[in-house]
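Residue numbers (full-length UniProt numbering): 1 to 48.
Ideal placement from N, C-alpha and C gives every residue a C-beta, glycine not left out.
Values in this document were obtained by computation on a predicted structure and should not be read as measured data.
Input: a single structure, listed below in structure tokens.
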């Protein structure tokens with residue numbers, strides 16, 4: 001996830017400045033997916 005965000009930042013043109021909502025659209029969805037996956041694994045019965 002961090003690698004994708006870094007790739008997004010490195011490949012942007014130098015004369016372009018993105019607003020905060022653009023950064024959020026790139027970073028937040030994978031973070032939500034990762035958190036959901038971690039929560040699902042934590043709540044899975046029988047693996048304790």
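Do you know whose CA, among 12, 41, 46, 44, lies nearest residue 26's CA?
12
Take residue 41 and list the residues in its own chain whose beta-carbon comes closer than 6 Å to its own, dropping the five residues that flank it on each side.
none
Along the chain, where does the alpha helix (DSSP H) containing residue 30 start, and where does it finish?
20-43
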